[in-house]
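Asker: There's a structure below that I have some questions on.
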Amino acid sequence: IEINSETEFNLLQKSKEYDNAREEDTDSKFPEIVKNIALIYKELGQKDKALAAIEAARLSNPDDVGLIMTAANIYFELGNKEAFKVAMSEAIEKEPNNPILYYNLGVVSSDLGEKDDAISYYEKSIDLDPTNENSYLNLVALILEGEQDIVSQMNSLGTSRSDNLKYDQLKESRENLYKQCIPILKDLIAINNNIEAIRTLMNIYGTIGDNAGYMEMKNLLEQQD
Numbered sequence: 262i263e264i265n266s267e268t269e270f271n272l273l274q275k276s277k278e279y280d281n282a283r284e285e286d287t288d289s290k291f292p293e294i295v296k297n298i299a300l301i302y303k304e305l306g307q308k309d310k311a312l313a314a315i316e317a318a319r320l321s322n323p324d325d326v327g328l329i330m331t332a333a334n335i336y337f338e339l340g341n342k343e344a345f346k347v348a349m350s351e352a353i354e355k356e357p358n359n360p361i362l363y364y365n366l367g368v369v370s371s372d373l374g375e376k377d378d379a380i381s382y383y384e385k386s387i388d389l390d391p392t393n394e395n396s397y398l399n400l401v402a403l404i405l406e407g408e409q410d411i412v413s414q415m416n417s418l419g420t421s422r423s424d425n426l427k428y429d430q431l432k433e434s435r436e437n438l439y440k441q442c443i444p445i446l447k448d449l450i451a452i453n454n455n456i457e458a459i460r461t462l463m464n465i466y467g468t469i470g471d472n473a474g475y476m477e478m479k480n481l482l483e484q485q486d
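Residue numbers for the sequence shown follow the working numbering, so the first one is 262 and each next one is one higher.
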């Protein structure tokens, strides 16, 4: 049986009901207890106390990723995305092969306007877990964010020779965005025929004039109904 104090150990050692008494190192339950306390504080809306409890626990358990993640989640709920990102980066140092950590960093980096970082995090998440559908979808959505600005510029142009030249350049930039997304969407569709990915790829093929690709996705979409 597990003994939690020296006094209890000494008493049971003298008892005839137990033999082979020995001392062993076991994993501390302290981090888990603190996490539960922090969650209680969080539910009560006392997030400052929750963070204080976690920080105190980390003094003796600096490598506990669970504590780091609990703190990160509270930072996120408080809207402190910079602190969330710092905590998540620290968690990645402890668990560099955890795809969820990279995915979460991708989400927050995107919210902070750090597009290149977000793309890298999503790509790393996919590399570590090729079945994470949200990583693919978020990556495509992030790449396609640039489309709105391009379309706005295209719509603002006139009919002069220079405007026509600019229009063609913008059209090419838009198509390049689509071409970045095509292999990502194909990889996702290969996993489980994700309907959102099929629709997006169908629309991309339609826009760039790939009729064969459009019909392939259209037929595939109809098969999912």
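Think of the CB as a built atom: it goes at the ideal place given N, C-alpha and C, for glycine as much as any other residue. The structure presented is a predicted model; accordingly, all values stated were derived computationally and were not measured.
When the Cα of I329 is compared with those of L431, S350, E457 and K342, which residue comes out closest?
Answerer: Locating residue 329 in the sequence shown gives position 68, counting from the first residue. Comparing Cα positions, the closest option is S350.
Asker: Could you check where the alpha helix (DSSP H) with D410 kicks off and where it finishes?
Answerer: Here residue 410 refers to the residue found at position 149 when the sequence shown is read from its first residue. From DSSP, the alpha helix (DSSP H) with D410 extends over E394 to N416.
Asker: Using the rule of at least 16 other Cβ atoms within 10 Å of the residue's Cβ for burial, across every protein chain shown, is D309 buried or exposed?
Answerer: The count along the sequence shown starts at 1 and reaches residue 309 at position 48. It counts as exposed.
Asker: Sort G419, A451, D377 and A333 by Cα distance to L488 and report the nearest one.
Answerer: In the structure displayed, the chain extends from 262 to 486; residue 488 sits before or after that span and is not available.
Asker: Assuming the contact rule is C-beta atoms closer than 8 Å, E384 and I452 should be a hit. Round their C-beta distance to whole Å, please.
Answerer: Here residue 384 refers to the residue found at position 123 of the sequence shown. Here residue 452 refers to the residue found at position 191 of the sequence shown. By a beta-carbon distance limit of 8 Å, E384 does not contact I452. Their separation comes to about 16 Å.
Asker: For the stretch 452–465 against the stretch 397–414, do three or more pairs of beta-carbon atoms, one drawn from each stretch, fall closer than 8 Å, so that the two count as touching?
Answerer: yes
Asker: How many Å lie between V368 and P444 at the Cα?
Answerer: Looking up residue 368 in the sequence shown gives position 107. Looking up residue 444 in the sequence shown gives position 183. Here the alpha carbons of P444 and V368 stand approximately 21 Å from one another.
Asker: Would you tell me roughly how many angstroms separate the C-alpha atoms of Y439 and D410, rounded to the nearest one?
Answerer: Mapped onto the sequence shown, residue 439 falls at position 178. Mapped onto the sequence shown, residue 410 falls at position 149. Whole-angstrom Cα-Cα distance: 14 Å.
Asker: Helix, strand or coil: which one does DSSP assign to L305?
Answerer: Translated into the one-based positions of the sequence shown, residue 305 becomes position 44. Coil at L305, not helix or strand.
Asker: Here's a check: name, in chain order, each residue in its chain whose Cβ is nearer than 8 Å to the Cβ of Y428, leaving out the five neighbours to either side.
Answerer: The sequence position of residue 428 within the sequence shown is 167, counting from 1. The residues are M415 and L418.
Asker: Leaving out the 5 sequence neighbours to the left and right, which residues in its chain are closer than 7 Å to I315 when beta-carbon positions are compared?
Answerer: In the sequence shown, residue 315 corresponds to position 54, counting from 1. Excluding positions up to five away in sequence, the list reads V295, A299, L328, T331 and A332.
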